[in-house]
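Chemist: Chains as they are written, first to last, in UniProt numbering: chain A, 1 to 203; chain B, 1 to 203. Here a beta-carbon is modelled for each residue, glycine too, at the ideal position from N, C-alpha and C. If you scroll down you'll find the structure; I have some questions about it.
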DNA sequence: GTTTACAAACCAAGCGCTTGCTTGGTATTG
DNA sequence: CAATACCAAGCAAGCGCTTGGTTTGTAAAC
């Protein structure tokens, strides 16, 4: 369940920017701004101001504004694929593997990386078609993780519906929590929410 | 299940614009453009061109561009509230009422009004705070419909999770279908999809 | 049945502002 | 002393919206 060692490994491999560095800090601020105001409403001046530089200086780090959006998405997917993989491997029974996946995705969406995950969900259309298919390829990797676990559960008779459809329904259900789930107020914890999701599927 | 008589009633009461009229046609084109390109990326020149007038002439019908977005959302909610109400009343047992709601929402999202529904989901942030709370009030009316049915099912022991949480999970799951469900290709019909959703909840 | 009156619907032109991005130059760092 | 990181200034394009004037639909007045 520990995220930090996985993050550090990815930073070392240059697959994810160091959150302490200039680039990493910009991406985190960008994710926050993109989620709060949307990509289009966020100007390069907003982005620059958030890290305390001039707007023109941004283009020393990124070629275009869209490159920033793409980087936010790519790095988020890379990190989350690694986290999901770790979650699945840590659990034994298929049922527990699914619970671990649900729990991990809820944590991605509502935890530290939540801003970036929300961007991934809601700013998809702002990416150019080329970037879209590039990001899509990365996403397929961790979709496969889900389908494998769901396929096993189906064979065991624990779920009735088509694994492919179940995954899509879960994607929507879990992503949407970002719009309403507020752990601070109201007693529902992330574990509690995970329980509710599992209970809804009679698992 | 017939939508047209309900639509016509609302048109007569001036709660929804006649789809044949100038205003209704503009709102339909606007919904399509907003869904395809997003509100911010859609210019008033795009909107005007879609109905064959000059961009300036738009402002004879609507005070601002945002007013168009708001009108799309308000009219969509009004129509769908009426459709949901009819769906619930047509069914008898609570279980069938829930199925009718799921089926009706899937139809709203993936049928004729799908473009406008997608706008409602994805362009929420483009509304000013004032307009948001205005639209929110309307939405609460038909959320109450869901909660009543889910509450009954909970009392009967048909579902275990909290009705409030179940509704939110279903909102996400059903809304999300707009991003992947394509009835034309692939054998899954709307009824089939409804079955899968119900099966996932063991209902 | 033609004329008059008037509002609604629309056009052509463009204003003022913001946008993403460029440019040429200056610090800072290893 | 080169590469990296930044600043100050501003350009060209596109944006929402306004303006002043023309066409079109409708219905009463003659």
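Can a CB atom of chain B be found closer than 7 Å to the CB of residue 84/A?
Modeler: On the first chain, position 84 is the one that residue 84/A refers to. False, the Cβ-Cβ gap to chain B never drops below 7 Å.
Chemist: Measuring CB to CB, does residue 126/A end up less than 7 Å from residue 181/A?
Modeler: For the purposes of this step, residue 126/A is identified with residue 126 of the first chain, where counting begins at 1. For the purposes of this step, residue 181/A is identified with residue 181 of the first chain, where counting begins at 1. No, Cβ-Cβ distance for residue 126/A and residue 181/A is not below 7 Å.
Chemist: Which residues, in chain order, does the segment 153-171 of chain B contribute to contact with chain A at a C-beta distance below 8 Å?
Modeler: Taking 8 Å as the upper bound on Cβ-Cβ separation, chain A lies near residues 159, 160, 161, 162, 165, 166, 168, 169, 170, 171 of the segment 153-171 of chain B.
Chemist: Hey, how far is the Cα of residue 68/A from the Cα of residue 62/A?
Modeler: Reading the first chain from its first residue, position 68 is the one you call residue 68/A. Reading the first chain from its first residue, position 62 is the one you call residue 62/A. Cα to Cα, residue 68/A sits roughly 7 Å from residue 62/A.
Chemist: For residue 163/A, which option in 166/B, 200/B, 147/B has the closest C-alpha, if you only look at C-alpha atoms?
Modeler: The residue you call residue 163/A lines up with position 163 of the first chain. Nearest of 166/B, 200/B, 147/B to residue 163/A, Cα basis: 200/B.
Chemist: Pull up the CB-CB distance for residue 27/B and residue 72/B, whole angstroms please, since I reckon it's below 8 Å.
Modeler: Locating residue 27/B in the second chain gives position 27, where the first residue counts as 1. Locating residue 72/B in the second chain gives position 72, where the first residue counts as 1. Between residue 72/B and residue 27/B the Cβ distance is about 5 Å, and since that is below 8 Å, they are a contact.
Chemist: With DSSP collapsed to three states, give me the class of residue 127/B.
Modeler: Within the second chain, the letter at position 127 stands for residue 127/B. For residue 127/B, the three-state secondary structure derived from DSSP is coil.
Chemist: To the nearest angstrom, how far is the alpha carbon of residue 22/B from that of residue 46/B?
Modeler: The residue labelled residue 22/B in the question sits at position 22 within the second chain. The residue labelled residue 46/B in the question sits at position 46 within the second chain. For residue 22/B and residue 46/B, the distance between alpha carbons rounds to 16 Å.
Chemist: Since residue 203/B contacts residue 106/B with CB under 8 Å, what's their CB separation in whole angstroms?
Modeler: In the second chain, the residue the question calls residue 203/B occupies position 203. In the second chain, the residue the question calls residue 106/B occupies position 106. Rounded, the Cβ-Cβ distance is 15 Å, inconsistent with contact.
Chemist: What residues from chain A crowd round residue 177/B, counting only those whose CB sits closer than 9 Å?
Modeler: Within the second chain, residue 177/B is the residue found at index 177, counting from 1. The answer, in chain order, is 168, 169, 172.
Chemist: Taking only beta-carbon positions, decide if residue 110/B is within less than 7 Å of chain A.
Modeler: Position 110 of the second chain, counted from the first residue, corresponds to residue 110/B. Not one chain A Cβ lies under 7 Å of residue 110/B.
Chemist: Roughly how many angstroms separate the alpha carbons of residue 187/B and residue 161/A, rounded to a whole number?
Modeler: Counting from one through the second chain, the residue named residue 187/B turns up at place 187. Counting from one through the first chain, the residue named residue 161/A turns up at place 161. C-alpha separation (whole angstroms): 15 Å.
Chemist: Give me the Cα-Cα distance between residue 145/A and residue 121/B, rounded to the nearest whole angstrom.
Modeler: Looking up residue 145/A in the first chain gives position 145. Looking up residue 121/B in the second chain gives position 121. Computed Cα separation, rounded: 28 Å.
Chemist: Where do the ends of the alpha helix (DSSP H) carrying residue 80/B lie?
Modeler: Counting from 1 along the second chain, the entry for residue 80/B is found at position 80. Residue 80/B -> alpha helix (DSSP H) spans 65-90.
Chemist: I'd like to know if residue 180/A contacts chain B, where contact means its C-beta is closer than 7 Å to some C-beta of that chain.
Modeler: The residue given as residue 180/A occupies position 180 in the first chain. Yes, because at least one Cβ of chain B sits closer than 7 Å to the Cβ of residue 180/A.
Chemist: Assign residue 55/A to buried or exposed, taking buried as 16 or more other Cβ atoms, counted over all protein chains shown, within 10 Å of its Cβ.
Modeler: Your numbering for residue 55/A matches position 55 in the first chain. Flag for residue 55/A reads exposed.
Chemist: Between residue 74/B and residue 58/B, how many whole angstroms is the CB-CB distance? I'm expecting something under 8 Å.
Modeler: Your numbering for residue 74/B matches position 74 in the second chain. Your numbering for residue 58/B matches position 58 in the second chain. About 18 Å; that fails the 8 Å criterion.
Chemist: Could you spell out the range, first to last residue, of the alpha helix (DSSP H) harbouring residue 9/B?
Modeler: The count along the second chain starts at 1 and reaches residue 9/B at position 9. Residues 4-12.
Chemist: Rounded to whole angstroms, what's the CA-CA distance from residue 116/B to residue 36/B? Just pull it up for me.
Modeler: Working through the second chain from its first residue, we reach residue 116/B at position 116. Working through the second chain from its first residue, we reach residue 36/B at position 36. For residue 116/B and residue 36/B, the distance between alpha carbons rounds to 11 Å.
Chemist: CB residue 268/A to CB residue 78/A, shorter than 7 Å?
Modeler: Absent from the structure is residue 268/A, since the part of chain A shown begins at 1 and ends at 203.
Chemist: Should residue 108/A go down as buried or exposed, given a rule of 16 or more other Cβ atoms within 10 Å for buried?
Modeler: Counting from one through the first chain, the residue named residue 108/A turns up at place 108. Classification of residue 108/A: buried, given that the 10 Å Cβ count is 16 or more.
Chemist: Tell me whether residue 160/A sits in a helix, a strand or coil according to DSSP, three-state version.
Modeler: Sequence index remark: in the first chain, residue 160/A carries index 160 (1-based). Three-state result, residue 160/A: coil.
Chemist: Pick helix, strand or coil for residue 37/B, following the three-state DSSP scheme.
Modeler: Position 37 of the second chain, counted from the start, is the residue given in the question as residue 37/B. Residue state, collapsed to three classes: helix.
Chemist: Does the beta carbon of residue 202/B sit closer than 7 Å to a beta carbon anywhere in chain A?
Modeler: In the second chain, counting from the first residue as 1, residue 202/B sits at position 202. Residue 202/B counts as touching chain A.
Chemist: Could you check whether the Cβ of residue 184/A sits closer than 7 Å to any Cβ belonging to chain B?
Modeler: As a working mapping, residue 184/A is identified with position 184 in the first chain. No, residue 184/A lies away from the interface with chain B (no Cβ there is under 7 Å from its Cβ).
Chemist: Could you confirm whether any beta carbon from chain B is found closer than 7 Å to the beta carbon of residue 40/A?
Modeler: Taking the first residue of the first chain as position 1, residue 40/A is located at position 40. It does: the Cβ of residue 40/A has a partner Cβ on chain B nearer than 7 Å.
Chemist: May I ask you to report which of helix, strand or coil DSSP gives residue 138/B?
Modeler: Position 138 of the second chain, counted from the start, is the residue given in the question as residue 138/B. Helix at residue 138/B.
Chemist: Give every residue of the same chain whose Cβ lies closer than 8 Å to the Cβ of residue 18/B, excluding the five residues on either side of it in the sequence, and list them in chain order.
Modeler: On the second chain, residue 18/B is found 18 positions in, with the first residue counted as 1. Answer for residue 18/B: 11, 24, listed in chain order.
Chemist: Excluding five sequence neighbours on each side, which residues of the same chain lie with their C-beta closer than 8 Å to the C-beta of residue 189/A?
Modeler: Counting from 1 along the first chain, the entry for residue 189/A is found at position 189. Here the set comprises 183.
Chemist: In chain A, what lies closer than 7 Å to residue 122/B by C-beta?
Modeler: Here residue 122/B is taken as the residue at index 122 of the second chain, counted from 1. Correct list: 122.
Chemist: Run through chain A and tell me which residues come within less than 9 Å of residue 126/B, C-beta to C-beta.
Modeler: Within the second chain, the letter at position 126 stands for residue 126/B. Simply 38, 40, 41.
Chemist: Could you say which of 113/B, 128/B, 171/B lies nearest to residue 3/B if we only look at CA atoms?
Modeler: Position 3 of the second chain, counted from the first residue, corresponds to residue 3/B. Here the closest residue by C-alpha is 113/B.
Chemist: Please report the Cβ distance between residue 168/B and residue 176/A, rounded to the nearest whole angstrom; I am assuming they are in contact, meaning their Cβ atoms lie under 8 Å.
Modeler: Locating residue 168/B in the second chain gives position 168, counting from the first residue. Locating residue 176/A in the first chain gives position 176, counting from the first residue. Correct: roughly 7 Å between the Cβ atoms.
Chemist: Using the beta-carbon of each residue, which ones in chain B are nearer than 7 Å to residue 199/A?
Modeler: Looking up residue 199/A in the first chain gives position 199. Simply 160, 161.
Chemist: If I follow the unbroken alpha helix (DSSP H) through residue 97/B, where does it start and stop?
Modeler: Walking along the second chain from the start, residue 97/B turns up at place 97. Per DSSP, residue 97/B belongs to the alpha helix (DSSP H) from 94-110.
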